[in-house]
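Asks:
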Amino acid sequence: MHSLSLLACSPLSGRPVYLVAATLRPETMYGQTNCWVRPDMKYVAFPTAKGEVFLCSKRAARNMAFQGFTQEFGKFQVLLSLVGQDIMGLGLHAPLTSYDVIYTLPMLTIKDDKGTGVVTSVPSDAPDDYAALRDIQRKKNMREKYGVKDEMVLPFQPVCHLCVSLPPSLPPSLLSLPPLPP
């Protein structure tokens, strides 16, 4: 089932749902171009104490239950279990980026024993994000394999979000990204 239909026909329907991505550098959220999920990784949706629904790995949900995010300390209720492929290509609102909508895209290196299993992508600041975004932009067969439409990935470019003064002697070629090959 496509991710949008899965969420619309589920116990999540009509509730505010958040894919929980942690960061140690909140200033980079201005450069977000997409959100990574691992296609074969298990995820859960659970209600928070504030009535929202968080979607993340089961391990992260359990950890958040011990941090006061749930109604009952140390316990969480699974509203929906799914795998990353179920939410692949899901349109998301990321309030700090310049893009109106960003999408969930596949990243195969996400670990289920670290973080939330949801990774925000800031290719302007993270070499792995840059390489992974370029890979999926260049590889049509990869997009097809994971059900990612061209419009979910091809228009997105790294967003420069920090203004710095550069020495005038710095060659302009160091500041520009190479174009994508045809």
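Just so you know, the numbering used here puts 192 at position 180 of the sequence shown, and the rest follows in order with no gaps.
A virtual CB, placed ideally from N, CA and C, is assigned to each residue, including glycine.
Since the model is a prediction, treat every value here as computed from it, not as a measurement.
Let me know the secondary structure DSSP gives residue 126 once reduced to three states.
Replies: Position 114 of the sequence shown holds residue 126. DSSP places residue 126 in coil when its eight states are reduced to three.
Asks: Under a three-way DSSP split, which group does residue 40 fall into?
Replies: Here residue 40 refers to the residue found at position 28 when the sequence shown is read from its first residue. Residue state, collapsed to three classes: helix.
Asks: DSSP state of residue 94, grouped into three classes?
Replies: Counting from 1 along the sequence shown, the entry for residue 94 is found at position 82. Strand at residue 94.
Asks: Tell me the DSSP secondary structure of residue 142 in three-state form.
Replies: Within the sequence shown, numbered from 1, the residue matching residue 142 stands at position 130. In this structure, residue 142 counts as helix in the three-state DSSP scheme.
Asks: Looking at residue 51: is its Cβ nearer than 7 Å to the Cβ of residue 97?
Replies: Counted from its first residue, the sequence shown places residue 51 at position 39. Counted from its first residue, the sequence shown places residue 97 at position 85. Yes, Cβ-Cβ distance for residue 51 and residue 97 is below 7 Å.
Asks: Which one or two residues does DSSP pair with residue 88 in a beta bridge?
Replies: The residue you call residue 88 lines up with position 76 of the sequence shown. According to DSSP, which records beta bridges pairwise, residue 88 is partnered with nothing at all.
Asks: My guess is that residue 147 and residue 71 are in contact by the Cβ rule of under 8 Å, so how many angstroms apart are they, rounded?
Replies: Residue 147 sits at position 135 when you count from the first residue of the sequence shown. Residue 71 sits at position 59 when you count from the first residue of the sequence shown. Incorrect: roughly 27 Å between the Cβ atoms, too far for contact.
Asks: Based on the DSSP secondary-structure assignment, which residues constitute the bridge partners of residue 72?
Replies: Working through the sequence shown from its first residue, we reach residue 72 at position 60. None; residue 72 has no bridge partner.
Asks: If I measure Cβ to Cβ from residue 13 and keep anything under 6 Å in the same chain, skipping five residues before and after, which residues do I get?
Replies: In the sequence shown, residue 13 corresponds to position 1, counting from 1. The predicted model places residue 13 with a pLDDT of 28, which falls under 50 and marks its position as unreliable; any figure quoted below should be read in that light. Excluding residues within five positions, none has a Cβ falling inside 6 Å.
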